[in-house]
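**Student:** The structure that follows is given in the form of structure tokens.
Laid out in structure tokens, this is it:
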């Protein structure tokens, strides 16, 4: 259970970081396909939380990289 608590804490911290520092990205969290179950009674296990955490990390990483490239192209 300790692993689940750690993952949940990371998800919470990352979500708060996105909400506070990247509000333009925060609006997309509800649209993230990982949050929409494709089955009638989905089982949420440690792997599902880990996948969600990784998807949040990738979303933020991609957002930061895209803005870095945009700034470089604009000469800022």
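Residue numbers (the numbering used here): 1065 to 1140. The C-beta atom is built at its ideal place from N, Cα and C for all residues, glycine as well.
Return the CA-CA distance between residue 1088 and residue 1112, expressed in angstroms with no decimal places.
**Tutor:** Along the chain shown, read from residue 1 onward, the residue named residue 1088 stands at position 24. Along the chain shown, read from residue 1 onward, the residue named residue 1112 stands at position 48. Rounded to the nearest angstrom, the two C-alpha atoms are 25 Å apart.
**Student:** Under a three-way DSSP split, which group does residue 1104 fall into?
**Tutor:** For the purposes of this step, residue 1104 is taken as the residue at position 40 of the chain shown. Three-state result, residue 1104: coil.
**Student:** According to the neighbour-count rule (16 or more other Cβ atoms, all chains shown, within 10 Å of its Cβ), is residue 1120 buried or exposed?
**Tutor:** Within the chain shown, residue 1120 is the residue found at index 56, counting from 1. Label assigned to residue 1120: buried.
**Student:** For residue 1006, collect the residues of the same chain with a Cβ closer than 8 Å to its Cβ; drop the 5 residues on either side in sequence, then sort them by chain order.
**Tutor:** Residue 1006 cannot be examined here, being either before or after the span of the chain that is shown, 1065 to 1140.
**Student:** Tell me the DSSP secondary structure of residue 1109 in three-state form.
**Tutor:** What you label residue 1109 is simply residue 45 of the chain shown in a count that begins at 1. DSSP places residue 1109 in coil when its eight states are reduced to three.
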